[in-house]
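Visitor:
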Amino acid sequence: LARDKAALYKEISKQVVRHKLQKLRHLVVKHAIRPEYLDSLFPSLLECFDPQTVHYNGGIAKITEWKISCYLEVMEGGIPCTNPNLKLLDLFRPLLDTCNDLFLEWYRQQHACNNDNKNINDNNNTRRTCHRLMTFITRYTPAPGEQALLKHVDGAGKVDGSCVVALPVDKWSAPYEINEFHGGGLTFWDGRNKRKEIHYDTRSGDVAFIDRAVWHQADPITRGTRWALVIFYKVDSPRN
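Next up, the structure:
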């Protein structure tokens, strides 16, 4: 379901080196997941997609009520909802496991140390593991309050990182030209100049890896529908 893993890891490594020189703590990899595999999931996604309405105290990106995401996995204590969609979880589990591997490879590269204790730090870094804290699928529409998720940090800065997978345009419930979205993509405020906006026009199979507390947004769409899979991660470091 992903591109050749060795080639993909090599690309991640090369891009991370370039990004670290610019003090960037995110990475977008084009077509990391095969679009045809994502296409194969979509009819069942449409059948099972059932957004839960959740409320946030104080709001995330100035939104207090959020009702365009379907949660597959939730945090301990039923946050943000107590009824995760287990059918979608089963459907997406192979993709989620692949995302775990890709995220962890990116995270290890991003957090690799270059100092006098390099061998010790590199050994600890390669032994890191990760687990998913929250997983959800979002469907953006042009309707008020559903077009975007404006500037925010994931998990209020309490997660170690996140992964966003761009899903296909829905060409099953209506013709492609009806559901094709205008606008969209991701914008980041990251690097040496955090006032500068870095925009990516993400399409099916593109994957964004985002470090802890990096400001970003899902950009507004003006027509069509846009779908994305989002995963929040906790990274577990080895005990010495």
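Take the sequence shown: its letter number 97 is residue 97 in the numbering used here, and every next letter is one higher.
Heads up, the beta-carbon is just placed ideally off N, CA and C, and yes, glycines get one too.
As the structure is a prediction and not an experimental result, all values here were calculated from the model.
In whole angstroms, give me the CA-to-CA distance for tryptophan 106 and threonine 82.
Guide: Rounded to the nearest angstrom, the two C-alpha atoms are 31 Å apart.
Visitor: Would you tell me roughly how many angstroms separate the C-alpha atoms of valine 28 and aspartate 170, rounded to the nearest one?
Guide: Going by the C-alpha atoms only, they are around 22 Å apart.
Visitor: Alpha helix (DSSP H) containing phenylalanine 92: first to last residue?
Guide: From DSSP, the alpha helix (DSSP H) with phenylalanine 92 extends over 86–110.
Visitor: How long is the line joining the alpha carbons of glutamate 11 and arginine 3, rounded to whole angstroms?
Guide: Roughly 11 Å separates the two Cα atoms.
Visitor: Please list, in chain order, all residues of the same chain as arginine 18 whose beta carbon is under 6 Å from its beta carbon, the five residues on each side excluded.
Guide: Within the same chain, arginine 18 has no close Cβ partners at all.
Visitor: How is isoleucine 178 classed by DSSP in three states: helix, strand or coil?
Guide: Three-state DSSP puts isoleucine 178 in a helix.
Visitor: Strictly by DSSP, which residues pair up with aspartate 236?
Guide: DSSP output for aspartate 236 lists Thr129 as bridge partner(s).
Visitor: For arginine 226, does the count of other Cβ atoms within 10 angstroms reach 16, so buried, or fall short, so exposed?
Guide: Label assigned to arginine 226: buried.
Visitor: Name, in chain order, the residues that DSSP records as bridge partners for tryptophan 189.
Guide: Tryptophan 189 is bridged to Glu197 and Trp215.
Visitor: Within the chosen definition, does the stretch 64–82 reach the stretch 197–216 through at least 3 CB pairs nearer than 8 Å?
Guide: Taking 8 Å as the limit for Cβ pairs, the verdict is that the stretch 197–216 does not touch the stretch 64–82.
Visitor: State the Cα-Cα distance for the pair isoleucine 178 and isoleucine 68, rounded to the nearest angstrom.
Guide: Computed Cα separation, rounded: 19 Å.
Visitor: How far does the alpha helix (DSSP H) with isoleucine 12 in it reach, from first residue to last?
Guide: Taken as a continuous stretch (DSSP letters only), the alpha helix (DSSP H) holding isoleucine 12 covers 5–21.
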